[in-house]
């Protein structure tokens, strides 16, 4: 895991956890922000959630995460307010990556929130930004992780988009959240037993073969089964906006029943996907890409010749991003702004794309909406700058200084 980045945001030092894995402090990845600790009454069992990095100065603050292999990365950002400021007012703010919006982060006083993404990086680093969108609601972050994924995982996900996790369930489990090291790719699998379904555990403890997406064996050996020969109905809620979903369903036959057969038809939003016959001690996956509005509905319907009820071990539902930014801020403008940042200490903390997304432009700039965006105005009053201005003649779209 040499190019796996784990940041315990708000920690004063780097350290090794109980698995022997190194957690870095923020200092190598970001120049702004203040380290805080959650209130003693709000401490978490997850060690990294007990500290956080808070950003009260700038409207946008960006971590620069190295991505040395040009591949897709799995990334997760976690947030636990923990009443660190004693105000009992958890903030709402934006999470961004490489000039694109990732999520509106809505924190609360009772539980941590997290956001996961699969994304094919464009260069040797990725910019992860926290942007203030409401007055006096300061962004923070508790934990940030990034790791490369093998090229053959999730082959049906388009690489020119980012994919955000909406649901990932370990069916049949009722106790603990599964994560690393059970899942070698750090995904979080939440336990789930839908009402009316029976939980069961396979009579084996490891798989002989598995899906290309390598779900953890411990998630697959537990499952839910329909009562009698009923249909399994699974429903997933979304906003009433049309969006593209990528669904991965995982199945195995938990018992070697030579005289019985289990087969069922998989439909997603009333469209037939395939007929599935789970195999003993082998994990197979069934995928679908489809447009949804509001709810996503999945049905597992027993076939006429099946003697056993439908079954499912695990599921992942991803939602596609908006089209990704193709044209980032003009290189001429980036070079000119770099001159300002290098010249004045007061500007040293600014990073990430200055003009994108266009609703969280650096607060001392104005930008055009061209492709690529151009910096049209620079406002330096209020920073207490002294000395000579640097050379910035390459910023040829600049109108106001």
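In UniProt numbering, the protein residues as written are 1 to 401. Beta carbons are placed, not taken as given, at the ideal position from N, Cα and C, and that holds for glycine.
Check residue i in the structure and name its three-state DSSP category.
i: residue 424; result: Here the chain covers residues 1 to 401 and nothing more, so residue 424 does not appear.
i: residue 47; result: helix
i: residue 347; result: helix
i: residue 281; result: coil
i: residue 332; result: helix
i: residue 24; result: strand
i: residue 41; result: helix
i: residue 302; result: strand
i: residue 355; result: coil
i: residue 402; result: Within the shown structure, residues of the chain are numbered from 1 to 401, placing residue 402 beyond reach of any answer.
i: residue 131; result: strand
Beta carbon of residue i, beta carbon of residue j: below 8 Å?
i: residue 63; j: residue 29; result: yes
i: residue 186; j: residue 248; result: no
i: residue 24; j: residue 33; result: no
i: residue 313; j: residue 251; result: yes
i: residue 218; j: residue 244; result: no
i: residue 241; j: residue 320; result: no
To the nearest angstrom, how far is the alpha carbon of residue i from that of residue j?
i: residue 119; j: residue 14; result: 26 Å
i: residue 160; j: residue 231; result: 36 Å
i: residue 11; j: residue 208; result: 41 Å
i: residue 110; j: residue 84; result: 13 Å
i: residue 216; j: residue 61; result: 35 Å
i: residue 149; j: residue 157; result: 13 Å
i: residue 180; j: residue 88; result: 31 Å
i: residue 214; j: residue 182; result: 11 Å
i: residue 329; j: residue 354; result: 7 Å
Where do the N-terminal and C-terminal ends of the beta strand (DSSP E) with residue i fall, by residue?
i: residue 217; result: Not the beta strand (DSSP E): residue 217 falls in the alpha helix (DSSP H), residues 217-220.
i: residue 63; result: 60-66
i: residue 102; result: 100-106
i: residue 143; result: 143-148
i: residue 243; result: 243-251
i: residue 391; result: Careful: residue 391 lies outside any beta strand (DSSP E) and carries neither H nor E.
i: residue 176; result: Looking at the DSSP string, residue 176 is not in any beta strand (DSSP E), and its letter there is neither H nor E.
i: residue 367; result: 365-367
i: residue 117; result: 113-120
i: residue 165; result: 163-171
i: residue 376; result: 375-378
i: residue 75; result: 72-79
Give the single residue among the options whose Cα lies nearest to the Cα of residue i.
i: residue 194; options: 206, 39, 188 and 174; result: 174
i: residue 277; options: 297, 301, 290 and 294; result: 301
i: residue 65; options: 137, 290 and 74; result: 74
i: residue 402; options: 204, 384, 58 and 246; result: No information on residue 402 is available, as it lies outside the stretch 1 to 401 that the chain covers here.
i: residue 225; options: 240, 210, 204 and 200; result: 200
i: residue 325; options: 192, 212 and 162; result: 162
i: residue 387; options: 54, 366 and 344; result: 344
i: residue 169; options: 337, 192 and 311; result: 192
i: residue 130; options: 99, 122 and 139; result: 139
i: residue 366; options: 348, 333, 390 and 239; result: 333
i: residue 358; options: 198, 16 and 96; result: 96
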